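*Asks:* Quick one: this structure, given as structure tokens, is what I'll be asking you about.
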Amino acid sequence: MPPLPLRPRLGLALALFGLAACSTPPRPPAPAAGTDALPRWRAGFEALATEDSPHDLIATESADSAPPDFAPETVARFEKLLAPFTLAAGETLRLPRLHGPETPFPDHQPLRHLASLRTNLARAALAAGDRPRALALVEANLAQARATLREQAGLIPLIHAQGVWQCALDGVHALASDPGLTPDEARALLRILEADAGLASLALTRALRGEYEDVYRVVVERMPATDDPDLLLSAVSMLGMDTPVPLAPGEVGLGLTEHPLLDVPATLAAYEADLAPYLAALGRESRLPRGLYARTTAATLAGYRNELGAFYAYACDELPPGLPDLVRARTDLLATVNPGGKLLAVLMTPPWEPLIASALRREAQRSALCGLLAWRIHGTPAGWDTLVAAGVLAAPPADPFAEPAAPLRCELRDRPRVWSVHLNARDDGGIPVEGNVGQPDDLVWLLHPVPVAPAAGE
Numbered sequence: 194m195p196p197l198p199l200r201p202r203l204g205l206a207l208a209l210f211g212l213a214a215c216s217t218p219p220r221p222p223a224p225a226a227g228t229d230a231l232p233r234w235r236a237g238f239e240a241l242a243t244e245d246s247p248h249d250l251i252a253t254e255s256a257d258s259a260p261p262d263f264a265p266e267t268v269a270r271f272e273k274l275l276a277p278f279t280l281a282a283g284e285t286l287r288l289p290r291l292h293g294p295e296t297p298f299p300d301h302q303p304l305r306h307l308a309s310l311r312t313n314l315a316r317a318a319l320a321a322g323d324r325p326r327a328l329a330l331v332e333a334n335l336a337q338a339r340a341t342l343r344e345q346a347g348l349i350p351l352i353h354a355q356g357v358w359q360c361a362l363d364g365v366h367a368l369a370s371d372p373g374l375t376p377d378e379a380r381a382l383l384r385i386l387e388a389d390a391g392l393a394s395l396a397l398t399r400a401l402r403g404e405y406e407d408v409y410r411v412v413v414e415r416m417p418a419t420d421d422p423d424l425l426l427s428a429v430s431m432l433g434m435d436t437p438v439p440l441a442p443g444e445v446g447l448g449l450t451e452h453p454l455l456d457v458p459a460t461l462a463a464y465e466a467d468l469a470p471y472l473a474a475l476g477r478e479s480r481l482p483r484g485l486y487a488r489t490t491a492a493t494l495a496g497y498r499n500e501l502g503a504f505y506a507y508a509c510d511e512l513p514p515g516l517p518d519l520v521r522a523r524t525d526l527l528a529t530v531n532p533g534g535k536l537l538a539v540l541m542t543p544p545w546e547p548l549i550a551s552a553l554r555r556e557a558q559r560s561a562l563c564g565l566l567a568w569r570i571h572g573t574p575a576g577w578d579t580l581v582a583a584g585v586l587a588a589p590p591a592d593p594f595a596e597p598a599a600p601l602r603c604e605l606r607d608r609p610r611v612w613s614v615h616l617n618a619r620d621d622g623g624i625p626v627e628g629n630v631g632q633p634d635d636l637v638w639l640l641h642p643v644p645v646a647p648a649a650g651e
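Structure follows, in structure tokens:
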């Protein structure tokens, strides 16, 4: 690939790479021979990719949108496409291990397309009155989402896996809103969702660990051992994906130095220390570690930028040209311990809290669907404690955004609904926003159909 400018602009570096590090636990063993279904699935991906569908599948998978109007022949063709994509007991979907930020992701889009196709076929089946087929499709999607989330490693793989999970949950929502759903069918779905209570935490932990093992460590260890600051900046600008380029003859730079520019072990250790509290929080529960980024990572990175001073501005191509500024950049470089490592940390560390919140948004939907299904089983909306006492729910549905820990809010009478306090941690009354599009104050899920209250005297 052609080299980027020698002194990368911060925005460009962050656009190329918004990922970072975590702790270094041992990688889990590969599945036993014969348990990885992905090689078998890949044979069907080509047909899935070439399917000329007139429908925007993702736009119609939500339970809040009109069901797709598939012609019978279209349904038959789609059903034939789905035939190879099964998961037997013990099978998983082991995605290829990443190796640096340039790693391609050929499996992720087909997996998302597959999940969207199943959800749309499930909604079409419900519209046609074929609820058993809809249940089978939704359960297959939940199994795919679970397998994908459990085996992904890295932030971009997590984002793709979240899409599969979102799609699977949209299918559950469609079933939970179907008037014909029986209590036994609702109970079967509820048990599946309750078994996935720790899935978000597990997926986030794997994503952070994989990002350290397979991306950040790779980039740091690719950096050249050099006494030339400008050569190191060239390597940083390309994230170590190509040979760094020295300054052209006659081009003025910072000059050679005996000052150590990059301490690889210290750089990796600093990232591990930064990610440790996130992993500890996620290990305890699937709940947003609210404010942790501001208290830890943001403060650390601000300190690094302050230490790097004019060298940071020089590295980001923000320093005015001129010898006095070059002298100032070199002075700050020489005054900073491990300047290359701290520069990499500043450029490559994303705001962790929104990334974690994105996964927990799906966890909130899983939890809310447990509540809606419990109401369908019970026959009418009821408080969480009542449903737990009746044996319908194993525990009150938790709100992953609540601070302190608390169940999801609910309204039992006026437009029965369940909601999460979402990002602001404040109960704003559960005012619905169609499809929970964007970043609403509360994430709200309405009960459909609303049970009819018995007439007086009945």
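In terms of our numbering, the sequence shown opens at residue 194 and continues consecutively. Just so it is clear, CB atoms sit at the ideal spot from N, CA and C, and this is done for glycine as well. None of these values were measured; they are calculated from a predicted model.
(1) Check for me: the beta strand (DSSP E) holding arginine 602 runs from which residue to which?
(2) Decide if the segment 443-461 is in contact with the segment 401-421; the criterion is three or more beta carbon pairs, one per stretch, under 8 Å apart.
(3) When you compare each of His571, Ala354, Thr460 to leucine 395 by their alpha carbons, which one comes out closest?
(4) Take phenylalanine 238 and list the residues in its own chain whose beta-carbon comes closer than 6 Å to its own, dropping the five residues that flank it on each side.
(5) Between the segment 631-641 and the segment 604-621, do at least 3 Cβ pairs fall closer than 8 Å?
(6) Could you give the distance in angstroms between the alpha-carbon of arginine 480 and the alpha-carbon of glutamate 444?
(7) Starting from valine 585, follow the beta strand (DSSP E) in both directions and report where the run begins and ends.
(8) Can you tell me which of Ala557, Asp407, Val643 puts its alpha carbon nearest to the alpha carbon of alanine 292?
(9) Just to confirm my understanding: we take leucine 392, look at its own chain, exclude 5 residues before and 5 after, and list those with CB closer than 6 Å. What are they?
(10) For the pair the segment 366-379 and the segment 488-507, tell me if three or more CB-CB distances fall below 8 Å.
(11) Looking at the strands, I want to know which residues DSSP matches up with tryptophan 638.
(12) Within 10 Å of its beta-carbon, does alanine 528 have 16 or more other beta-carbons around it, so buried, or fewer, so exposed?
(13) Rank Gly373, Ala321, Val413, Thr398 by C-alpha distance to the C-alpha of proline 482 and give the top, closest one.
(14) Alanine 329 and proline 277 - do their beta-carbons sit closer together than 8 Å?
(15) The alpha helix (DSSP H) spanning methionine 416 covers which residue range?
(16) Could you give the first and the last residue of the continuous alpha helix (DSSP H) run that contains methionine 541?
(17) Between the segment 580-598 and the segment 555-569, can you find at least three pairs of beta-carbon atoms closer than 8 Å?
(18) Straight-line CA distance for alanine 583 to alanine 390?
(19) Taking buried to mean at least 16 other C-beta atoms within 10 Å of its own C-beta, is arginine 233 buried or exposed?
(20) What are the boundary residues of the alpha helix (DSSP H) that includes threonine 341?
(21) Please classify lysine 535 as buried or exposed, where buried requires at least 16 neighbouring CB atoms within 10 angstroms.
(22) Classify glycine 446 as buried or exposed, calling it buried when 16 or more other Cβ atoms lie within 10 Å of its own Cβ.
(23) Does the segment 351-365 come close enough to the segment 330-341 that 3 or more CB-CB pairs lie under 8 Å?
(24) Classify alanine 242 as buried or exposed, calling it buried when 16 or more other Cβ atoms lie within 10 Å of its own Cβ.
(25) Helix, strand or coil: how does DSSP classify threonine 285 here?
(26) Using beta-carbon positions only, say whether leucine 383 and leucine 566 come within less than 8 Å of one another.
(27) With phenylalanine 504 and alanine 491 assumed to form a contact (beta carbons below 8 Å), what rounded beta-carbon distance in angstroms separates them?
(28) Judging by CA-CA distance, which residue of Ala487, Val429, Tyr464 is the nearest neighbour of cysteine 509?
(29) Have a look at the DSSP bridge pairing and note the partners of aspartate 229.
(30) Residue range of the alpha helix (DSSP H) that histidine 292 falls in?
(31) For the alpha helix (DSSP H) that isoleucine 549 lies in, which residues bound it at each end?
(32) Kindly indicate which three-state DSSP category glutamate 511 falls into: helix, strand or coil?
(33) Is it right to say cysteine 215 is buried, meaning 16 or more other beta carbons lie within 10 angstroms of its own, or is it exposed?
(34) Report buried or exposed for glycine 403, applying the criterion of at least 16 other Cβ atoms within 10 angstroms of its Cβ.
(35) So the candidates are Leu288, Gly347, Ser255, Glu465; which of them puts its Cα closest to the Cα of leucine 310?
*Replies:* Answer, in terms of the structure:
(1) On the sequence shown, position 409 is the one that residue 602 refers to. In the DSSP assignment, arginine 602 falls within the beta strand (DSSP E) that extends over 602-604.
(2) yes
(3) As a first step, residue 395 must be located in the sequence shown, where it is residue number 202. Nearest of His571, Ala354, Thr460 to leucine 395, Cα basis: Ala354.
(4) For the purposes of this step, residue 238 is taken as the residue at position 45 of the sequence shown. Contacts found: Pro303.
(5) Counting Cβ pairs under 8 Å, three or more are found: they touch.
(6) Working through the sequence shown from its first residue, we reach residue 480 at position 287. Working through the sequence shown from its first residue, we reach residue 444 at position 251. Taking the straight line joining both Cα atoms gives about 52 Å.
(7) As a first step, residue 585 is located in the sequence shown; it is residue number 392 there, counting from the start. From DSSP, valine 585 is part of no beta strand (DSSP E); its letter is neither H nor E.
(8) On the sequence shown, position 99 is the one that residue 292 refers to. Contrary to the premise, residue 292 reads as histidine rather than alanine in this sequence. Nearest C-alpha to histidine 292: Asp407.
(9) As a first step, residue 392 must be located in the sequence shown, where it is residue number 199. So the qualifying residues of the chain are Leu342.
(10) no
(11) Your numbering for residue 638 matches position 445 in the sequence shown. Paired residue(s): Val611.
(12) As a position in the sequence shown, residue 528 is number 335, starting the count at 1. Under the 10 Å beta carbon count, alanine 528 is surrounded by fewer than 16 other beta carbons and is classified as exposed.
(13) For the purposes of this step, residue 482 is taken as residue 289 along the sequence shown, with counting starting at 1. Of all alpha-carbon atoms in Gly373, Ala321, Val413, Thr398, the one lying nearest the alpha-carbon of proline 482 is that of Thr398.
(14) Numbered from its first residue, the sequence shown carries residue 277 at position 84. Numbered from its first residue, the sequence shown carries residue 329 at position 136. No, these two residues do not count as a Cβ contact at 8 Å.
(15) As a working mapping, residue 416 is identified with position 223 in the sequence shown. Run containing methionine 416: none; DSSP gives neither H nor E here.
(16) Stepping through the sequence shown from its first residue, residue 541 is reached at position 348. 532-541 is the extent of the alpha helix (DSSP H) around methionine 541.
(17) yes
(18) Here residue 583 is taken as the residue at index 390 of the sequence shown, counted from 1. Here residue 390 is taken as the residue at index 197 of the sequence shown, counted from 1. Cα to Cα, alanine 583 sits roughly 20 Å from alanine 390.
(19) The count along the sequence shown starts at 1 and reaches residue 233 at position 40. Label assigned to arginine 233: exposed.
(20) Position 148 of the sequence shown, counted from the first residue, corresponds to residue 341. For threonine 341, the enclosing alpha helix (DSSP H) starts and ends at 324-344.
(21) The residue you call residue 535 lines up with position 342 of the sequence shown. So lysine 535 ends up on the buried side.
(22) Here residue 446 refers to the residue found at position 253 of the sequence shown. Burial call: buried.
(23) Contact between the segment 330-341 and the segment 351-365 is present, because at least three Cβ pairs lie under 8 Å.
(24) Counting from one through the sequence shown, the residue named residue 242 turns up at place 49. The residue is exposed, with fewer than 16 neighbouring Cβ atoms inside 10 Å.
(25) Reading the sequence shown from its first residue, position 92 is the one you call residue 285. Of the three classes helix, strand and coil, the one that applies to threonine 285 here is strand, per DSSP.
(26) Mapped onto the sequence shown, residue 383 falls at position 190. Mapped onto the sequence shown, residue 566 falls at position 373. Closer than 8 Å, so yes.
(27) The count along the sequence shown starts at 1 and reaches residue 504 at position 311. The count along the sequence shown starts at 1 and reaches residue 491 at position 298. Contact between phenylalanine 504 and alanine 491 is absent: CB atoms are separated by about 20 Å, not below the 8 Å threshold.
(28) As a working note, residue 509 is residue 316 in the sequence shown. Comparing Cα-Cα distances from cysteine 509 to each of Ala487, Val429, Tyr464, the minimum goes to Val429.
(29) Sequence index remark: in the sequence shown, residue 229 carries index 36 (1-based). Paired residues: Thr285.
(30) Position 99 of the sequence shown, counted from the first residue, corresponds to residue 292. That residue, histidine 292, is in no alpha helix (DSSP H); it is neither H nor E in DSSP.
(31) Reading the sequence shown from its first residue, position 356 is the one you call residue 549. Its alpha helix (DSSP H) spans residues 545-571.
(32) Taking the first residue of the sequence shown as 1, we reach residue 511 at position 318. Note: glutamate 511 maps to coil in three-state DSSP.
(33) The count along the sequence shown starts at 1 and reaches residue 215 at position 22. Confidence in cysteine 215 is poor, its pLDDT being 36 and thus under 50, which makes the residue's placement unreliable; the coordinate value appears in the next sentence. By the Cβ-count criterion, cysteine 215 is buried, with 16 or more other Cβ atoms from all chains shown falling within 10 Å of its own Cβ.
(34) Position 210 of the sequence shown holds residue 403. Buried, by the Cβ-count rule.
(35) Locating residue 310 in the sequence shown gives position 117, counting from the first residue. Ranked by Cα distance from leucine 310, the first of Leu288, Gly347, Ser255, Glu465 is Ser255.
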